[in-house]
Amino acid sequence: MRNAFAQEITRLALEDERVVLLSGDIGNRLFDEMKARCPGRFFNCGVAEANMIGMAAGMALSGLRPVCYTIAPFLTYRCLEQIRVDLCYHHAPVVLVGTGSGLSYASLGATHHSCEEMGMLRLLPELAVVAPGDPWEVRAGLEAALRHPGPVYLRIGKKGEPAVHAARPGFEIGRAIRLREGAEVMVLAAGTILPLAVEVTGRLAEEGVDAGVASFHTVKPLDEDLLREVFGRVRVVATIEEHSVLGGLGGAVSEWLADRGGVGIRARLLRFGTADAFLHRTCEQEGAREHFGLTIPAITTAIRAALEGVTR
Amino acid sequence: MTMEELARLAREVRGDVVAMSHRAGTPHLGSALSCVDILVGLYGRVLRIDPARPTDPARDRFILSKGHAAMALYAVLARRGFFPTGWLETFAGEGAPLAEQPAPGCAPGVELATGSLGHGLPVGLGMALANRLSGRPGRVFVCLSDGECNEGTVWEAALFAPAQGLDRLAVVIDYNKWQATGRSNEVMALADLRAKWEAFGWRARDVDGHDLKALVGALGEVPDGSGRPVAVVAHTVKGKGVSFMEDDNNWHYRIPKSGEVAEARRQLGLAD
């Protein structure tokens with residue numbers, strides 16, 4: 001995903017000279033092409049993330065289109081007030097790109113995990129929260145974010161994530177991308193876990209369950225049209241994210257569902273994500289997902305059990 | 001404006017500020033009074049701005065990072081013609097344009113919503129970078145309080161600006177030696193403040209923050225040819241201009257009574 005980001009930001013910066021890239025001292029060599037082709041528009045802001053956000057606000061208020069890039073927890077937890085006041089309060093069009101989000105950097109420990117930040121950022125007025133599901137969505141999502149009139153948080157992974165789309169998808173902030181329709185189950189995935197969600201629906205199909213999947217890349221604002229449609233039609237809706245079950249996609253959909261009061265709702269909601277706990281075990285991303293039950297067998301089993309429960 | 005006109009403006013602004021605090025029942029009077037001469041020097045002589053074109057892309061920008069002193073900024077802007085002086089009379093009233101601390105776009109000439117400390121310098125730095133990148137001549141001036149220099153982001157920005165050679169950026173520190181609940185040099189080891197900015201790579205100098213000529217001289221030199229950003233450590237007195245408020249930190253929060261307003265205006269030579 002980060003290579004897709006680096007290529008796309010270079011392309012977009014060549015198209016629009018207002019685009020500038022600010023990095024929090026990461027991405028060694030990653031932005032060489034951008035630096036070479038867009039001289040003066042890349043800033044290594046050092047290990048000073050809060051200052052980077054403030055600077056981006058000043059640039060945006062002066063007509064530029066800044067993109068801030070660093071590891072998700074440092075970009076978000078550390079800078080919450082700068083994001084809130086300098087960006088959101090001023091409706092400053094800045095794109096925040098948090099790399100290595102969720103459990104991407106599981107082995108580095110919980111300092112490098114970001115499993116709460118979507119919940120935190122979702123509370124901020126004016127801010128769009130977007131979690132692309134594959135490298136194509138990173139490209140399309142970045143382009144959409146730079147066209148957005150206000151601040152956007154773009155939550156991406158590290159490198160090597162598989163492509164789910166065959167080509168660049170149409171991408172609109174606040175509009176989920178349906179990948180496969182399902183009559184009984186719809187899986188809604190936010191972010192880097194999309195490939196696993198697709199595999200889950202494949203496994204369910206093998207087991208005779210008619211399951212669909214959508215890349216629900218925008219956690220705020222929610223695609224309410226899609227939610228209304230699927231909750232009224234299927235029997236189980238599952239949200240999947242590499243994020244706490246509190247506050248992220250699952251949390252947002254739960255709030256939406258509570259407000260419906262059951263009217264027009266047929267489906268039961270299942271939320272798959274990380275627990276309300278730090279990960280203290282030493283492991284890579286796969287092991288971390290396993291620790292939190294984010295595996296194909298665990299999720300398919302839970303969805304099937306829920307389907308049987310609904311049937312009874 | 002001549003030096004005499006600046007001095008007159010400073011007295012009028014102080015009178016406005018005392019009256020606003022009394023009328024609206026809002027605190028931070030001491031903090032507003034201490035930075036009046038800095039703002040008057042900037043808006044009277046230094047800033048290249050046109051009240052008729054407050055969003056001109058080529059303008060100099062000023063950020064009052066110590067947003068709690070907004071009364072002083074509003075009074076200076078109003079008297080320089082950015083908006084009617086009548087707005088000062090509804091300051092902090094229900095639905096009024098001028099909030100107790102600056103809101104985004106609340107009034108012509110207000111560049112940034114401030115109030116949480118440590119935000120103005122990073123944003124000002126971004127504005128200065130944007131000006132340079134866009135080939136615009138505008139300079140950026142940011143006024144900080146000494147208490148604000150407790151914030152880490154001030155020093156993050158202080159480290160970054162010289163690395164970029166941002167010589168069209170200046171900070172003015174309203175060094176009134178007090179923060180909300182104590183002496184600023186006792187709460188934190190601020191002294192020697194000039195030496196700190198110098199050590200961070202800025203062209204730093206001490207000035208008497210109530211000497212309009214010295215302020216205009218120091219701030220008017222930006223950029224000074226050194227290729228470095230400029231830090232002016234303006235030594236001020238909290239509550240300056242009203243004898244019973246000067247250097248008395250109770251006036252960080254106290255609201256003046258009507259008799260005190262009258263006495264303050266008399267001392268300022270503004271007797272009604």
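From first to last, the protein sequence lines stand for chains S and P. Mapping the first sequence onto the numbering used here, position 256 (from 1) lands on 256, and the numbers just tick up by one. Mapping the second sequence onto the numbering used here, position 159 (from 1) lands on 159, and the numbers just tick up by one. The beta carbon of each residue, even a glycine, is placed where N, CA and C say it ideally should be. Bear in mind the structure is a predicted one, so any value in this text is a computation, not a measurement.
At the level of alpha carbons, what is the spacing between residue i and residue j?
i        : j        : result
Pro57/P  : Gly138/P : 8 Å
His113/S : Arg289/S : 12 Å
Ala271/P : Met59/S  : 45 Å
Gln267/P : Val40/P  : 19 Å
Ala306/S : Val187/S : 13 Å
Asp37/P  : Thr76/S  : 38 Å
Ala264/P : Ser226/P : 42 Å
Pro125/S : Arg233/S : 31 Å
Leu41/S  : Val19/S  : At residue 41/S the sequence reads Arg, which differs from the Leu that was named. If I take the Cα positions, the gap works out to 7 Å.
Cys115/S : Asp206/P : 48 Å
Leu127/S : Gly119/S : 12 Å
Thr153/P : Leu21/S  : 20 Å
Ala204/P : Arg45/P  : 20 Å
Phe272/S : Gly109/S : 21 Å
Tyr105/S : Arg2/S   : 13 Å
Arg312/S : Pro297/S : Annotation note: pLDDT 45 at Arg312/S (below 50); position unreliable, coordinate value reported separately. Going from the Cα of Arg312/S to the Cα of Pro297/S covers about 22 Å.
Lys213/P : Asp167/P : 22 Å
Val353/P : Gly126/P : Because chain P here runs from 1 to 272, residue 353/P falls outside it and cannot be looked at.
Ala32/P  : Lys177/P : 14 Å
Gly4/S   : Ser65/P  : Inspection of the sequence shows that residue 4/S is occupied by Ala rather than by Gly. In a straight line, the C-alpha of Ala4/S is about 38 Å away from that of Ser65/P.
Leu159/P : His217/S : 37 Å
Determine whether the Cβ of residue i lies closer than 9 Å to any Cβ atom of chain P.
i        : result
Phe362/S : This structure cannot settle anything about residue 362/S, because the visible part of chain S is limited to 1 through 312.
His165/S : no
Arg312/S : With a pLDDT of only 45 at Arg312/S, under 50, the local geometry of the prediction cannot be trusted, and the value read off the model is given with reservation. Chain P, which has no Cβ nearer than 9 Å to the Cβ of Arg312/S, makes this no.
Ala36/S  : no
Ile97/S  : First, the amino acid is wrong: residue 97/S is Val here, not Ile. No, no contact with chain P.
Val20/S  : yes
His148/S : no
Ala13/S  : no
Gly27/S  : no
Gly273/S : no
Ala48/S  : yes
Gly40/S  : yes
Using DSSP with H/G/I as helix, E/B as strand and the rest coil, what is residue i?
i        : result
Gln101/P : coil
Ala357/S : Because chain S here runs from 1 to 312, residue 357/S falls outside it and cannot be looked at.
Asp208/P : strand
Ala176/S : coil
Arg11/S  : helix
Gly250/S : helix
Tyr43/P  : helix
Tyr74/P  : helix
Ser107/S : helix
Ile265/S : coil
Asp56/P  : coil
Can you find a C-beta in chain S that's less than 9 Å from the C-beta of residue i?
i        : result
Pro104/P : yes
Pro256/P : no
Ser145/P : no
Ala107/P : no
Pro137/P : no
Gln179/P : no
Thr236/P : no
Ala157/P : yes
Leu125/P : yes
Ala231/P : no
Leu133/P : yes
Gly201/P : no
Gly165/P : no
According to DSSP, what are the bridge partners of residue i?
i        : result
Met118/S : BP columns for Met118/S are empty, so no partner.
Ser21/P  : Answer is none; Ser21/P lacks a bridge partner.
Ile173/P : Leu144/P, Val233/P
Pro66/S  : Val20/S
Tyr253/P : Paired residue(s): none; Tyr253/P is not in a bridge.
Phe42/S  : Leu21/S
Leu154/S : Val97/S, Val130/S
Can residue i be considered in contact with the ligand SAH, in the sense that its beta carbon sits closer than 8 Å to one or more heavy atoms?
i       : result
Pro57/P : Within the structure as shown, the ligand SAH is missing, as the structure has no ligands at all.
Chain S contacts made by the segment 112–123 of chain P, where a contact means CB separation under 9 Å: Leu112, Ala113, Thr114, Gly115, Ser116, Gly118, His119, Gly120, Leu121, Pro122, Val123
Closer than 9 Å, Cβ to any Cβ of chain P: which residues of the segment 50–68 of chain S, in chain order? Ala50, Asn51, Met52, Ile53, Gly54, Met55, Ala56, Ala57, Gly58, Met59, Ala60, Leu61, Ser62, Gly63, Leu64, Pro66
So if I threshold CB-CB distances at 8 Å, which residues from the segment 76–88 of chain S count as touching chain P? Glu81, Gln82, Val85, Asp86
Select from the segment 39–72 of chain P all residues with a C-beta closer than 8 Å to any C-beta belonging to chain S, and list them in chain order. Pro57
Taking a Cβ distance cut-off of 7 Å, strictly less, list which residues of the segment 77–103 of chain P are near chain S, in chain order. none
At a CB distance below 7 Å, what residues from the segment 90–115 of chain S approach chain P? Give them in sequence order. His90
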